[in-house]
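Here the sequence shown is numbered in our numbering, starting from 11 and rising by one per residue.
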Amino acid sequence: MTATSATNTTIPALDGEGAIPAYVARPDADSSRAIIVIPEIFGVNAGIREKCDDWAAQGYLAIAPDIFWRFAPGVELDPDVEAELQEAFGYFGQYDADDGVKDIEAAIRWLHYQGASKVGCAGYCLGGRLAYMTAARTDIDASVGYYGVMIDQMLNESHAIARPLMLHIPTADHFVSAEAQAQIHEALDPHPKVTLHDYVGLDHGFAATHGNRRDNAAAELADGRTRAFLAEHLA
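See the structure below:
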């Protein structure tokens with residue numbers, strides 16, 4: 011592990027649209043490798059910041075962009091608090107994932123400007139969907155999605171995935187039906203750039219950093235797979 015520093019900053023959005031708030035964690039030594047941590051629907055909260063810090067401790071430049079910055083900048087929510095969970099669902103209903111991919115592209119460009127030669131991402135829930143879309147629509151070097159939602163509705167984009175993608179799929183995800191999971195496997199199992207991992211009997215959010223949803227053993231397994239995957243493809 012390496013010493014790190016962290017700060018809140020802003021990065022330029024694409025097309026002069028504005029400035030995207032972001033949390034950035036840096037290793038003390040310069041890094042040519044970077045990770046974009048794509049949040050769930052709960053904003054750049056303590057759990058997402060901790061994931062950035064963990065990547066920085068492993069020597070990566072890590073950034074978590076505020077994906078809700080256009081209409082709820084700075085929001086931080088706790089999924090274990092019912093009112094905040096419902097607030098998050100409301101933001102999810104407002105969110106345009108096409109804008110989200112543009113924001114990830116902005117983060118990729120910013121990281122390259124910071125000196126990173128290889129960039130990967132790890133996204134969760136809505137961020138898992140964005141990780142899939144990023145793999146299909148950008149030149150990111152490698153992508154990982156945890157319990158991504160609505161991927162089954164975007165499988166027609168899978169032909170465009172040219173860089174490695176890993177998806178973590180809990181089989182009892184109450185936001186992704188068994189039918190949707192079967193469609194994902196049918197479309198992506200044969201894809202030479204895609205690796206799928208099932209987690210039998212587990213539900214959405216099992217790799218959350220904190221809270222009631224976390225399953226420690228499965229989270230550690232998935233995170234270990236993610237670390238090895240990104241280390242290989244960002245080398």
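C-beta: ideal position from N, C-alpha, C; glycine also. If you're wondering where the values come from, they're calculated on a predicted model, not measured in any experiment.
Excluding five sequence positions before and after Ala229, the CB atoms of its chain that fall closer than 7 Å to its own CB belong to Phe216 and Ala217, given in chain order. The beta carbons of Ala132 and Leu165 sit no closer together than 8 Å. Using a C-beta cut-off of 8 Å, the segment 29–36 makes contact with the segment 65–80, since at least three inter-stretch Cβ pairs fall below that distance. Gly158 sits away from Arg173, with the two beta carbons spaced by 8 Å or more. Your pair Met176 and Thr205 checks out as a contact, with CB atoms roughly 5 Å apart and the cut at 8 Å. Of the residues assessed, Tyr156 falls on the buried side of the cut-off, its CB having 16 or more other CB atoms within 10 angstroms. The continuous alpha helix (DSSP H) containing Gly137 extends over residues Leu136 to Arg147.
The alpha helix (DSSP H) runs of length 4 or more contained entirely in the segment 50–128 are, from start to end of the chain, 56–67, 92–104 and 107–123. Of Asp225, Asp233, Ala23 and Gln163, the smallest CA-CA separation from Ala117 is found for Ala23.
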